[in-house]
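Notes follow once the structure below has been shown.
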Amino acid sequence: MNSLKVFVVLLCLLVFAPLVLAKEAVHMVEDPEMEKTVNAISDELRCLVCQNQTIADSSAPLAVDLKNQVRKMVETGQSQDDIIDYMVQRYGDFVRYRPPMKASTLLLWIGPFLLLLIGIAVLVINLRKRTAMKSDENLSVEEHERLQGLLAAESSRQGATRSNSLQQKVGEEKS
Amino acid sequence: MLRYIVPLLVFLGVSAFLLKGLELNPHEVPSPFIDKPAPVFSLQKLHAPDTSFSTKEMLGEVWLLNVWASWCVACRAEHPLLVQLSRANIVPIYGLNYKDEPDDARNWLRQLGDAYVSSLIDYEGKVGIDFGVYGVPETFVIDKQGIIRHKVIGPVTPAALDDCVLPLVRKLQQASAQMVVKRTEVEGCA
Amino acid sequence: MIPEIGQFALILALCVAVVQGVVSIAGAQLGIRSWMSMARPAAQVHFILVAISFVCLLYAFVYNDFSVKYVASVSNSLLPIQYRIAAIWGGHEGSLLLWALLLAAWTIAVARYSRNLPLDMVSRVIGVMGLISVGFLMFMLFTSNPFDRLLPAALDGRDLNPLLQDPGLIFHPPLLYIGYVGFSVAFAFAIAALLGGRLDATWARWSRPWTTIAWSFLTAGIALGSWWAYYELGWGGWWFWDPVENASFLPWLVGTALVHSLAVTEKRGSFKNWTILLAIFTFSLSLLGTFLVRSGVLTSVHAFATDPERGVFILGFLVVTIGSSLALFAWRAPKVGVGGRFSLVSRETFLLMNNVMLVVAAGAVLLGTLYPLLLDSLDMGKISVGPPYFDTVFLPLMVPMIFLMGLGPIARWKKADLPDMASRMKWAAAVSLVMALILPFVMGEWFALTSLGFALAFWVFSSIVVSMSERLRKTAGSGSGKSLFARIIALPNAYLGMNIAHVGIAVFIMGVTMVNTYEVEKDMRMEVGDTVTMSGYTFRFDGVTEIEGPNYKASRGQVLVTVDGKTTTVLFPEKRVYFVQTMPMTEAAIDSGLFRDLYVSLGEPVGGGAWSVRVYYKPFVGWIWGGTFLMSIGGIFAISDRRYRLASRKRKAQTRTQETAAGQTATAQTAPVQSTERE
Chain Y
1 MNSLKVFVVL LCLLVFAPLV LAKEAVHMVE DPEMEKTVNA ISDELRCLVC
51 QNQTIADSSA PLAVDLKNQV RKMVETGQSQ DDIIDYMVQR YGDFVRYRPP
101 MKASTLLLWI GPFLLLLIGI AVLVINLRKR TAMKSDENLS VEEHERLQGL
151 LAAESSRQGA TRSNSLQQKV GEEKS
Chain X
176 MLRYIVPLLV FLGVSAFLLK GLELNPHEVP SPFIDKPAPV FSLQKLHAPD
226 TSFSTKEMLG EVWLLNVWAS WCVACRAEHP LLVQLSRANI VPIYGLNYKD
276 EPDDARNWLR QLGDAYVSSL IDYEGKVGID FGVYGVPETF VIDKQGIIRH
326 KVIGPVTPAA LDDCVLPLVR KLQQASAQMV VKRTEVEGCA
Chain H
366 MIPEIGQFAL ILALCVAVVQ GVVSIAGAQL GIRSWMSMAR PAAQVHFILV
416 AISFVCLLYA FVYNDFSVKY VASVSNSLLP IQYRIAAIWG GHEGSLLLWA
466 LLLAAWTIAV ARYSRNLPLD MVSRVIGVMG LISVGFLMFM LFTSNPFDRL
516 LPAALDGRDL NPLLQDPGLI FHPPLLYIGY VGFSVAFAFA IAALLGGRLD
566 ATWARWSRPW TTIAWSFLTA GIALGSWWAY YELGWGGWWF WDPVENASFL
616 PWLVGTALVH SLAVTEKRGS FKNWTILLAI FTFSLSLLGT FLVRSGVLTS
666 VHAFATDPER GVFILGFLVV TIGSSLALFA WRAPKVGVGG RFSLVSRETF
716 LLMNNVMLVV AAGAVLLGTL YPLLLDSLDM GKISVGPPYF DTVFLPLMVP
766 MIFLMGLGPI ARWKKADLPD MASRMKWAAA VSLVMALILP FVMGEWFALT
816 SLGFALAFWV FSSIVVSMSE RLRKTAGSGS GKSLFARIIA LPNAYLGMNI
866 AHVGIAVFIM GVTMVNTYEV EKDMRMEVGD TVTMSGYTFR FDGVTEIEGP
916 NYKASRGQVL VTVDGKTTTV LFPEKRVYFV QTMPMTEAAI DSGLFRDLYV
966 SLGEPVGGGA WSVRVYYKPF VGWIWGGTFL MSIGGIFAIS DRRYRLASRK
1016 RKAQTRTQET AAGQTATAQT APVQSTERE
C-alpha cells in the first residue's frame, strides 16, 4: 500500500510539475526598456543585405551584427546621433532611412512644402480670376428671349425645378 | 497659354532621369572611404595566431586588402585570379578572413592555394564593419599613406584588374609621398 | 501545342488591337461611320483572343507543363492547385498577360455599357484602350513572352516563392490590376474628349462611374496587400513606404482627386481642364508603377526579376503614351472654356483645395520615391528615403485635408456661408475636441499626436452626422412614421456612398492612431508552460511540434490565450521550411477581433526546449482595413445611384435630341430633389 501511495504521489508530481514549475517568461533581452531605444535607432537604419528592411527587422547576419553594435553603443550611453554617424561613416548615407539634410537633399526636404505653396498660389490666382469673371446674369436681349422660350417649353414638359439647371447651363454656355 | 505645356515638360524631364536610371545599379553601396584613411587595425594572423599584424606596418607600400571567407561561394570563384596576381609580384595582397572558423579558413587556403602574404582573423567581423564591408568578397586598394583609393565590390574580375586595379596600383606605386593620386585619374575606374 | 495556341492568340489579339485602335480613332476623327462601328466588334474579338491565350497559360499551369519556361520558373508539381493557378500572375510575364486580359475585359465592359453615348466618343474611347493594349501585347510578344518554351523541359519547377503561397496572392494582384487598368477608362475618356473637342458636363457624367469603380477596386487591392503583409511577414507592420507600395499609392491619391474633380465638372461644368489632366496623370502613374516594378531602377521586395532591356521598352511605351497625351492636352486644352463661376468660399473651392492637397501629397511621395534615383543619376551619391521621411512629410499634408473633409460636404455649391457653416459645425467641433482630450486617457496615456488623430477622426464622424441630419430634416417623411434607418436608406445612393467612404477614412484614422500609440509588443524567451501577460490577456506557451504540409515542413507552436482563466483561443504560430526554395518562413498566428488583434510569432529555438516568441497586442488594428473596406464600398454605392442606371429607350431618344439643345442632357432624367444641395 505504501509503495502505491508513493507511486501515486510521484505520478501527480510528474503530471502537475509543468504547471507548478511554469512561470512568467523572461524577456529575450536583459533590458527591455533599453531595447526599445535600440529598436528605435535600428528602425532608422537600412539593412545593406536585405535592402528593403531595417536592421531592426532583418535577420541577415550583417543586420544582426549591426544591431548588436547599436546595442553596445546604447549601453555605453551614446546618443542616437552618435550611433547613426558611426554607421554613416562606414556605409555612407545609404544606410540612413531618414535622408540627411544637406545641399543635395535640400530639394527633397523642402520639395513637398514648396509644392504646397505652389499649389495654394495657383489655387488663389485661379479663384481670383473666377471672381473677376462676368456674372451669368448678364444676358443679351436675344439670349433672354431664347431663354424664355426654352423655359416655357421645359416647364410644360417636366416641371419647374428643371428650369434652374437650364438657366445655369445657358449661363455656362455664355462663359 | 504656355502653362499647358508644363506637364509635358515635367514628364519628359522625369523620363530622362528614368532612362539614366536604367544604367545604374540601385543595390550597390559605394564606399564612403574612397580617398579617406583606411581604419587602422591590428589582428591575429591566420597562420600564426600568436602573432599579430598591424596596418601601420604597411605604410610606405601600396597593397590590396581582400575580404574573404571559406563559406563564401564567390570567393572560391575569385581566388585563382588572386593567386595568379600574387605570383606576378606586382602588389602584396593581404586577406581579411571575415567571420570564419580559422580551421576552415586554413583548409580552404590549402585546397585553393594561398594568394595572401598573410591572412588576418576577423572572427567577430568588427574590422569588416569598420571598413564598411557589407558582402563578401570585397577588395580595397590602399596607397602608401594608408588611404583607400578604390574598392571592388564583389569578386575581382580580369576586367576589373586590367581596367582599374592594376593601372591604379602602378600609378600609386610611382607616386611620391606628396603626390595625391585618385582613382578618377584611371579611366577604367568608373 | 496549347502554349503555341496561346502565343498565336496573342499575336492575333495584337493585330485586332491595332485595328481597334487605329480604325476606330481614325473613323471618329474623319467622321466615317462604318469605321467607328468597328470599335465594339473589334473589342469583343480582342477580348476573346486574349481570354483564349490566358486559358492556354492556365492549362499549362494546372497540368504542370514544365516545358514552358515561365511555368517552370514559378510553379512546382507539389504546389497546391489554387496556388498553381494564382502563380499565373506570380511572375513578370504572366502578370502582363493578366494586365492584358483585364484591359480587354474593361474594354468590352465599356463597349457594352455605352449605348447612350454618341458613337464617335465610344469609338474614340475603345480606340484609345486598343492602342494601350497594343503596347502591352507588343511588350509581351517582344520581350516577355509567357509561352516561351524551355527545351529540354525541366523535371520540375522552381516553385513559387513561399511568401506568395497564400490566399493573398489569389486576390491582391487581380484586385489591384482591375484598379490600375480601370483608370485607363478615365484616361481614354479624357483623350476622347480632347480629340473630339467635346468637353462638357456630360462627358464628366459618362466618365464618373467608370473612374469610381476603378478607384474602389484599387482601394480594395491596396488594402488587401497591406493586410497580407501584416499577417504574412511576421512582425505586424502594414505599410513600409516601399517603392512598389508607393507606386500603387500614387495613382490612388491622384485617382481620389480625380473622383472629386469629376464631381465638380459633372455638376458645375468647372475644372474641365484640371479633370482631364488628372485623368491623364492617374493612368500615367499606373503605367509608371508598371515601369518601376519591372525595370530594376528601384530596389524593392516586390520587384519582379528585373531586366534593363524590358525597362527600356516600358519607358519607351510610357514616353509615347504619356508624352502624346500631354502634348494633346497642351494643344487642345486652351480651347476649352473655363466653366461655371463660383465664389471664394464655396463647395467648389473646398473640392479644389482637396485636389491641391492630394496632388501635393502625391508629388511628395513621388519625390521621395524617385529622389535616390535622381541623385544617383547625377552622380551625387546614394541615399535612401524610407519611412522616417514619408511619415514626416505625408502626415502634415493629410491633417488639413481631413479637416477640410469635414467642411466640404456641408458647404453649398457656388456660394457658401462661412459663419453659417461654423455655427452648424460647432457641436461637431466640440465633440472632436472632447474626444481628443479624453480618449487617450481612457486608453492609458495621453500623447499630442494621438489626440490629433482622434480629433480628426471624430471631426469627420460628427460632420457626417451633421450633414445627414440636415439632409434628413429637409427630405419629405419626417412625420411619415418611417424608421430612421428606412429614411437613411431612402437617401440617394451617391450621397450615402460619399458618406460611407468618408466614414471609412475616419475609421482608418482611428485604427492607425490606436495601433501606433497603444500597441504592446513583448519579445520573450518561453519554455514549455511559461506565460506572458499583456493588456489582460495571458499567453501560455505549450511547446512546439514538428508537422508536415503539402510542400513544406514546419515547427508548429501552440499558445493558449486566456483572460481571467477563461480560454479565449489557441494560436498555432509556425516556422516553415519549404522543400523546394529552402528559405525559412514565419507564419504568424493571429486572433482577430473587432477591437483588437492578438498576434503571436515564433522566433528561434534557444536551447533547452525554449523558443523566442514575440507576442503583440494590437488594439483596433482591424479598423485600418475595415476603414479601407468602407471606402471601397462607398465607391460602389455611389455609382449604383439611380442616375447611372441604364437609360430606357425613351430617355435614350431624349438624350439624342437634347444633345443639340443648350447642353442639357442627362440632368433632365433625374428624379426631382427638394434641396439644391445634392451631395
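Chains as they are written, first to last, in the numbering used here: chain Y, 1 to 175; chain X, 176 to 365; chain H, 366 to 1044. Even glycine gets a Cβ: it sits at the ideal position worked out from N, Cα and C.
Run of the alpha helix (DSSP H) containing residue i, from where it starts to where it stops
i	result
residue 486 (chain H)	484 to 508
residue 592 (chain H)	566 to 597
residue 323 (chain X)	Looking at the DSSP string, residue 323 (chain X) is not in any alpha helix (DSSP H); the run it does join, the beta strand (DSSP E), is 322 to 328.
residue 941 (chain H)	No alpha helix (DSSP H) contains residue 941 (chain H), which is instead part of the beta strand (DSSP E) from 939 to 943.
residue 948 (chain H)	No alpha helix (DSSP H) holds residue 948 (chain H); DSSP gives it neither H nor E.
residue 549 (chain H)	532 to 561
residue 936 (chain H)	Where residue 936 (chain H) is concerned, there is no enclosing alpha helix (DSSP H), although the beta strand (DSSP E) it sits in stretches over 931 to 936.
residue 453 (chain H)	Residue 453 (chain H) -> no alpha helix (DSSP H), and no H or E assigned at all.
residue 682 (chain H)	673 to 697
residue 261 (chain X)	248 to 262
CB contact flag (residue i, residue j, <8 Å)
i	j	result
residue 312 (chain X)	residue 237 (chain X)	no
residue 74 (chain Y)	residue 34 (chain Y)	yes
residue 966 (chain H)	residue 599 (chain H)	yes
residue 668 (chain H)	residue 495 (chain H)	no
residue 197 (chain X)	residue 660 (chain H)	yes
residue 870 (chain H)	residue 996 (chain H)	yes
residue 425 (chain H)	residue 522 (chain H)	no
residue 350 (chain X)	residue 356 (chain X)	yes
residue 687 (chain H)	residue 186 (chain X)	yes
residue 828 (chain H)	residue 793 (chain H)	yes
residue 608 (chain H)	residue 734 (chain H)	yes
residue 322 (chain X)	residue 205 (chain X)	no
Strand pairing of residue i, partner residues [DSSP]
i	result
residue 970 (chain H)	H:976
residue 441 (chain H)	DSSP, once it has assigned bridges, lists no residue as partnering residue 441 (chain H).
residue 241 (chain X)	X:270, X:314
residue 24 (chain Y)	H:896
residue 964 (chain H)	H:955, H:981
Beta strand (DSSP E) segment containing residue i, residue limits
i	result
residue 270 (chain X)	268 to 273
residue 891 (chain H)	885 to 891
residue 922 (chain H)	917 to 928
residue 954 (chain H)	954 to 957
residue 179 (chain X)	Residue 179 (chain X) -> no beta strand (DSSP E), and no H or E assigned at all.
residue 905 (chain H)	902 to 913
residue 216 (chain X)	Segment: none, residue 216 (chain X) is in no beta strand (DSSP E) and carries neither H nor E.
residue 741 (chain H)	Taken as a continuous stretch (DSSP letters only), residue 741 (chain H) belongs to no beta strand (DSSP E), being part of the alpha helix (DSSP H) at 712 to 742.
residue 206 (chain X)	Per DSSP, residue 206 (chain X) belongs to no beta strand (DSSP E) and is neither H nor E.
Distance between residue j and residue i (C-alpha atoms, nearest Å)
i	j	result
residue 370 (chain H)	residue 418 (chain H)	7 Å
residue 386 (chain H)	residue 89 (chain Y)	56 Å
residue 23 (chain Y)	residue 904 (chain H)	11 Å
residue 938 (chain H)	residue 9 (chain Y)	35 Å
residue 372 (chain H)	residue 63 (chain Y)	45 Å
residue 741 (chain H)	residue 365 (chain X)	14 Å
Proximal residues to residue i (C-beta, below 6 Å), its chain only, five neighbours per side dropped
i	result
residue 652 (chain H)	683
residue 270 (chain X)	241, 243, 291, 294
residue 767 (chain H)	821
residue 988 (chain H)	872, 875, 876
residue 962 (chain H)	955, 983, 986
residue 884 (chain H)	983
Own chain, CB closer than 7 Å to residue i, minus 5 neighbours either side, in chain order
i	result
residue 577 (chain H)	624, 1000, 1003, 1004
residue 536 (chain H)	589
residue 643 (chain H)	619, 622, 623, 626
residue 611 (chain H)	730, 734
residue 953 (chain H)	596, 599, 938, 964, 965, 966
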